[in-house]
Amino acid sequence: MGDMQLAIKGVNVSLTPSLRRYVEEKLVRSVTRIFARDPGWEATTLELELICETHHHKKGMIWKAVANLKLPGKRFRHDAEAEDIHAAVDGLEDILKREFTKYKERSRSRLLRGARQAKKSIHLDRSARLFRKGRIREEGA
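Numbering (the numbering used here), first residue to last: 811 to 951.
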């Protein structure tokens, strides 16, 4: 997964090296782990935005973390809000893990469903079928 492009952007917030390192440890590492398990999955671009919103909320600062992930043929966009920037990043990590595993399991189950249907559609001779106790033989054979 070394060829994944990473872009971290801060809106109304300055990205300190410690904040950048925290985001990379949490989000990039979890995305890398999810997609490294299967060699066929490859993420191409991960864009992260950290946003500080204050203008339309009544009290306090609201932090928002937004992630855009581009796969070949699929795009994901998820966001999480919290009163602390670290909590927003943690919430986004949980959402990303849940959504990516759900997407991978859905496509894997579709593949297995097709394989089961193909196996079912194959018509074998009765004497060639295998069951738990071995081959079924005709009477007198």
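C-beta atoms are modelled at their ideal positions from N, C-alpha and C, and glycine is treated no differently.
Buried or exposed: where does residue i fall if 16 or more other Cβ atoms within 10 Å of its Cβ makes it buried?
i: A928; result: exposed
i: E903; result: buried
i: A875; result: buried
i: A817; result: exposed
i: I932; result: exposed
Comparing alpha-carbon positions, which option in the options lies nearest residue i?
i: G901; options: A925, L860, P827, T854; result: L860
i: R847; options: E857, F910, E834; result: F910
i: Y832; options: A898, S919, I932; result: A898
i: I844; options: I905, S931, R920; result: I905
i: F854; options: R830, R908, M814; result: The sequence given here has Thr at residue 854, not Phe. Checking every option, the nearest Cα to that of T854 belongs to M814.
i: M871; options: I895, T826, R830, R920; result: I895
In angstroms, rounded to a whole number, what distance separates the CA positions of residue i and residue j?
i: P837; j: S828; result: The question names Pro, but residue 837 is Leu in the sequence shown. Between L837 and S828, the C-alpha separation is close to 14 Å.
i: A925; j: E915; result: 15 Å
i: L879; j: L922; result: 26 Å
i: E835; j: W873; result: 19 Å
i: R918; j: L881; result: 16 Å
i: E863; j: S840; result: 26 Å
i: K912; j: K930; result: 27 Å
i: K907; j: K869; result: 31 Å
i: A877; j: F886; result: 8 Å
i: E857; j: R830; result: 13 Å
i: T826; j: R920; result: 43 Å
i: M811; j: T842; result: In this prediction, M811 scores a pLDDT of 44, lower than 50, which makes its location untrustworthy; the coordinate-derived value is nonetheless stated afterwards. Straight-line Cα distance between these residues: approximately 7 Å.
Handout entry: Cβ contact check for the stretch 883 to 892 and the stretch 813 to 828: 3 or more pairs under 8 Å
Key = At 8 Å Cβ cutoff, the stretches do not touch.
Exercise for the section: Write down every uninterrupted run of the beta strand (DSSP E) in the stretch 874 to 903 whose length is 3 residues or greater and which is fully enclosed by it, in chain order. Expected result: Fully contained in the stretch 874 to 903 are the following beta strand (DSSP E) runs of length 3 or more, in chain order: 884 to 892.
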